[in-house]
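Structure first, commentary second.
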């Protein structure tokens, strides 16, 4: 094989393996290491049109990253469970901290939106508010439904999220599920007591 100076992170990024990328990002300290052509892992992903993967690499959190409300938020968004657990165990973290640069969402919003069930569970166990609203009063449950993340919806409902909480214009989680044809999620909501007759504003 040709020696191209690429790391395992380069390989995972180039071949569009997001879960492997997320695993490696926990342990790799230099995410901007260049291959012999001067390309970083994010460059390789971007050149192939994998812009979401490139953003994950650029927003990376490693175990060496200093812990703060913001870095834990990014870890929740990008799926770095080890860092989230580290931050929660250290103490001093505001579990309901709102990222005002990201629609006022909390770490739980981020994890729910991007389908990280284990992080959702860890944040709830640490006391995260499941019914807190971001912009337009969207809760983590609303965001999970928009994204079709059934496992996250199930966790939120099992742990007591309000199935009838409404956005600013009156849309409940069931309205959202119906609008996006999320039948399995609608069934979960109804089983949990969602009001099937509620009208939005």
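Residue numbers (the UniProt record's numbering): 1 to 201. Heads up, the beta-carbon is just placed ideally off N, CA and C, and yes, glycines get one too. Keep in mind it's a predicted model, so treat the numbers as computed, not measured.
- A direct Cα-Cα distance of roughly 8 Å separates residue 41 from residue 54.
- If the five residues before and after residue 124 are omitted, its C-beta is found closer than 6 Å to the C-beta atoms of 159, all from its own chain and listed in chain order.
- Nearest neighbour of residue 64 by Cα position, chosen from 25, 100, 58, 97, turns out to be 25.
- Under the Cβ criterion (8 Å, minimum of three pairs), the stretch 136-154 counts as touching the stretch 166-182.
- For residue 105, the three-state secondary structure derived from DSSP is strand.
- Inclusion of residue 185 and residue 153 in the CB contact set at 8 Å is warranted, their separation being smaller than that value.
- The stretch 69-83 makes no contact with the stretch 34-52, as fewer than three CB pairs between them are under 8 Å.
- Straight-line spacing of the CA atoms in residue 38 and residue 110 works out to 33 Å.
- Between the alpha carbons of residue 104 and residue 4 lies a gap of roughly 43 Å.
- Distance between residue 171 and residue 196, taken at the CA atoms: about 12 Å.
- Our two residues, residue 16 and residue 201, have alpha carbons roughly 43 Å apart in a direct line.
- Under the 10 Å beta carbon count, residue 31 is surrounded by 16 or more other beta carbons and is classified as buried.
- Shortest Cα-Cα distance from residue 117 to any of 155, 88, 198 involves 155.
- Residue 99 is bridged by DSSP to 105.
- The DSSP-derived three-state label of residue 22 is helix.
- Residue 183 and residue 177 have their C-alpha atoms roughly 7 Å apart.
- Non-local beta-carbon contacts of residue 113 in its own chain, meaning distances under 6 Å to residues more than five positions away in sequence, involve 143, 147 in chain order.
- Collapsing the DSSP output to three states places residue 71 in a helix.
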